[in-house]
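> Protein chains in written order, with this note's numbering: chain P, 1 to 229; chain F, 1001 to 1229.
#1: With respect to the alpha helix (DSSP H) encompassing residue 1186 of chain F, which residues constitute its N-terminal and C-terminal limits?
#2: For residue 124 of chain P, go through chain F and note every residue whose CB falls closer than 9 Å to its CB, in chain order.
#3: Mapping DSSP to helix, strand and coil, what is residue 1235 of chain F?
#4: Tell me whether residue 1220 of chain F sits in a helix, a strand or coil according to DSSP, three-state version.
#5: Over what stretch of residues does the alpha helix (DSSP H) that includes residue 1075 of chain F continue unbroken?
#6: Is the separation between the beta-carbon of residue 1066 of chain F and that of residue 1045 of chain F shorter than 8 Å?
#7: Assuming residue 100 of chain P contacts residue 111 of chain P (C-beta within less than 8 Å), just tell me the rounded distance between them.
#8: Residue 129 of chain P lies in the alpha helix (DSSP H); which residues open and close that run?
#9: For the alpha helix (DSSP H) that contains residue 1046 of chain F, what are its first and last residues?
#10: Does residue 1196 of chain F get closer than 8 Å to chain P when you measure Cβ to Cβ?
#11: Run through chain B and tell me which residues come within less than 8 Å of residue 147 of chain P, C-beta to C-beta.
#12: What does residue 1092 of chain F reach in chain P if we use C-beta pairs closer than 8 Å?
#13: Is the distance from the Cβ of residue 206 of chain P to the Cβ of residue 113 of chain P below 8 Å?
#14: Skipping 5 residues on each side, what residues in its chain have a beta carbon closer than 7 Å to that of residue 1051 of chain F?
#15: Of the residues that make up the region 1054 to 1076 of chain F, which ones have a beta carbon closer than 8 Å to any beta carbon in chain P?
#16: Are any of the Cβ atoms in chain P nearer than 8 Å to that of residue 1015 of chain F?
#17: Examine chain P for any beta-carbon lying closer than 8 Å to the beta-carbon of residue 1139 of chain F, and answer yes or no.
#18: Tell me the DSSP secondary structure of residue 193 of chain P in three-state form.
#19: Verify the CB distance criterion: does residue 1081 of chain F have a CB-CB separation below 8 Å to chain P?
#20: For residue 1178 of chain F versus residue 1149 of chain F, is the C-beta spacing smaller than 8 Å?
#21: CA-CA distance, residue 124 of chain P and residue 134 of chain P?
#22: From residue 1037 of chain F to residue 1183 of chain F, what distance separates their C-alpha atoms?
#23: Would you call the region 1088 to 1100 of chain F in contact with the region 1150 to 1165 of chain F, where contact means no fewer than 3 C-beta pairs closer than 8 Å?
#24: Counting only Cβ pairs nearer than 7 Å, list the residues of chain P close to residue 1133 of chain F.
#25: Below 8 Å CB to CB, which residues in the same chain sit around residue 1062 of chain F once its five sequence neighbours on both sides are set aside?
#26: Report buried or exposed for residue 201 of chain P, applying the criterion of at least 16 other Cβ atoms within 10 angstroms of its Cβ.
#27: Cutting at 8 Å between CB atoms, please list the residues of its own chain near residue 84 of chain P, excluding the five before and the five after it.
#28: Helix, strand or coil: which one does DSSP assign to residue 56 of chain P?
#29: Taking C-beta pairs closer than 7 Å, name the residues in chain P that residue 1218 of chain F reaches, listed in chain order.
#30: I'd like the span of the alpha helix (DSSP H) that includes residue 1089 of chain F, first residue to last.
#31: What separation, rounded to the nearest whole angstrom, lies between the Cα atoms of residue 105 of chain P and residue 160 of chain P?
#32: Establish whether the CB of residue 1111 of chain F and some CB of chain P are separated by less than 8 Å.
#33: So which residues on chain P does residue 1188 of chain F lean against when the C-beta distance must stay under 9 Å?
#34: Please state the DSSP three-state secondary structure of residue 95 of chain P.
#35: For residue 200 of chain P, which of helix, strand or coil comes out of DSSP?
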């Protein structure tokens, strides 16, 4: 996949993975080839199956049929259904997405929040990531894979905070991971817990909330810890 | 149920509902009697079944067996499995829980956040509410019931903000619903999306974030809307 500046955060990869074309174009970390194509085909089948059937309905047999890869190969290389799911999510995380770079922290955080809202309110874009979030309720290994996926995603977003500090927009030493998580948290609450609508107004408010809290020092790393960094 | 000042927010009712004893003690809105006992027994069976089997494994037959209520009665009164689930959640919301009242908005919001963290990190307390949150991924009616449950829960929490305004702790006109949702949102993100640990430190930070944002005016109701209130 090529870098896509408009790619919504925290969901776009799974959406792309769900598309029928194998994601073996230049730009993926693992170059193309038969193994990479197999892995991408399996990932597409796993995510597509999750969307279609949910985790309780998914099976290795289904993945074999949809991917065209023989099930003995699937069992040998991935072990079981959970292994397939974990690898699908690992692969979905191997893209070149970068967070928004608008020139200001306010703009970056609002853009990040709006991307998240836009992804999860677009039925096609939301299907695969939502299915993975649901699967994590039923599989400990899916939950572990989801944790790793988001950890890496939020680590990429921390550059937003570093740039703001460098620009002297933020005269603080915030925990960047806590700050960027805060930006999207009211949106995820509404999307998956309280099941309320989200849109640009909610996205901007969430971003502004995180920034106001950062400016007030809520995310500051305590001096003792900061000294050790 | 009697009022319980230590009851964790947003989960305690479901936990109580999951206990084997029918929740027909004084204090419930619908007084005891055969109908109320039946309804409570059905709710306990539904929530217990969700915890044990998840939504995909739950059936009217299971609820009949676990509750001791004949399945023809269940079909007649609740229609189907979704009807059972919706009513179980409605009943779980009919308690006398009130939000913390510590004397300060900072204390109230921190206590609310800590309650939420404590509920969902206690396996027994978390089981039923977590199962309902998971079920909402698979049932539109469960999602609707969950939305109604949390809407009512957060409406109860708005008194925290009203008290703070009355005490002149908050010289603002915030959207109380947005503020109290913000308090718990980083916790729900970590619990159910990024699958990261939560504890008192995360709870306090979430509460402080919401309060700092409120003081900065992020949740202020625009003057035009405020004038209409």
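All residues carry an ideal CB built from backbone N, CA and C; glycine is no exception.
In short:
#1: Per DSSP, residue 1186 of chain F belongs to the alpha helix (DSSP H) from 1176 to 1188.
#2: Correct list: empty, because the minimum Cβ distance to chain F is about 17 Å.
#3: Since the displayed chain F opens at 1001 and closes at 1229, residue 1235 of chain F lies outside it and no answer follows.
#4: Residue 1220 of chain F falls in the strand class under three-state DSSP.
#5: Per DSSP, the continuous alpha helix (DSSP H) segment holding residue 1075 of chain F begins and ends at 1071 to 1078.
#6: In this structure, residue 1045 of chain F lies closer than 8 Å to residue 1066 of chain F by Cβ.
#7: The beta-carbon separation of residue 100 of chain P and residue 111 of chain P, rounded to 4 Å, stays under the 8 Å limit for a contact.
#8: 123 to 135 is the span of the alpha helix (DSSP H), which, as asked, contains residue 129 of chain P.
#9: Segment 1034 to 1053, the alpha helix (DSSP H) holding residue 1046 of chain F.
#10: Answer yes: the Cβ-Cβ gap between residue 1196 of chain F and chain P drops below 8 Å somewhere.
#11: The structure shown contains no chain B; the protein chains it does contain are P and F.
#12: Neighbours of residue 1092 of chain F across chain P, judged by C-beta separation under 8 Å, do not exist; the nearest C-beta is about 15 Å away.
#13: In this structure, residue 113 of chain P lies closer than 8 Å to residue 206 of chain P by Cβ.
#14: Within the same chain, residue 1051 of chain F has close Cβ partners 1018, 1127, 1128 and 1131.
#15: Here the close residues are 1054, 1056 and 1057.
#16: With a pLDDT of 40 at residue 1015 of chain F, under the threshold of 50, the modelled position of that residue is not reliable, and the figure given next carries that caveat. With a threshold of 8 Å between beta carbons, residue 1015 of chain F makes no contact with chain P.
#17: So no, residue 1139 of chain F is outside the interface.
#18: If DSSP states are grouped into helix, strand and coil, residue 193 of chain P belongs with coil.
#19: Residue-level contact check: residue 1081 of chain F does not touch chain P, since none of the beta carbons of chain P fall below 8 Å from its beta carbon.
#20: No; because the gap between Cβ atoms is not below 8 Å, this pair is not in contact.
#21: Rounded to the nearest whole angstrom, the C-alpha separation of residue 124 of chain P and residue 134 of chain P is 16 Å.
#22: Approximately 36 Å, taken between the alpha carbons.
#23: At 8 Å Cβ cutoff, the stretches touch.
#24: The answer, in chain order, is 193.
#25: 1045, 1049 and 1053, listed in sequence order.
#26: Looking at its Cβ environment, which holds fewer than 16 other Cβ atoms inside 10 Å, residue 201 of chain P is exposed.
#27: Taken in chain order, the residues that qualify are 42, 46, 60, 63, 74 and 78.
#28: Residue 56 of chain P falls in the helix class under three-state DSSP.
#29: For residue 1218 of chain F, the C-beta contacts it makes with chain P under 7 Å involve 205, 208, 209 and 212, in order along the chain.
#30: Looking at the DSSP string, the run of the alpha helix (DSSP H) that includes residue 1089 of chain F is 1081 to 1092.
#31: The C-alpha of residue 105 of chain P lies about 7 Å from the C-alpha of residue 160 of chain P.
#32: So no, residue 1111 of chain F is outside the interface.
#33: 185, 188, 189, 192, 193 and 194, listed in chain order.
#34: Judged by DSSP in its simplified three-state form, residue 95 of chain P adopts coil rather than helix or strand.
#35: DSSP places residue 200 of chain P in helix when its eight states are reduced to three.
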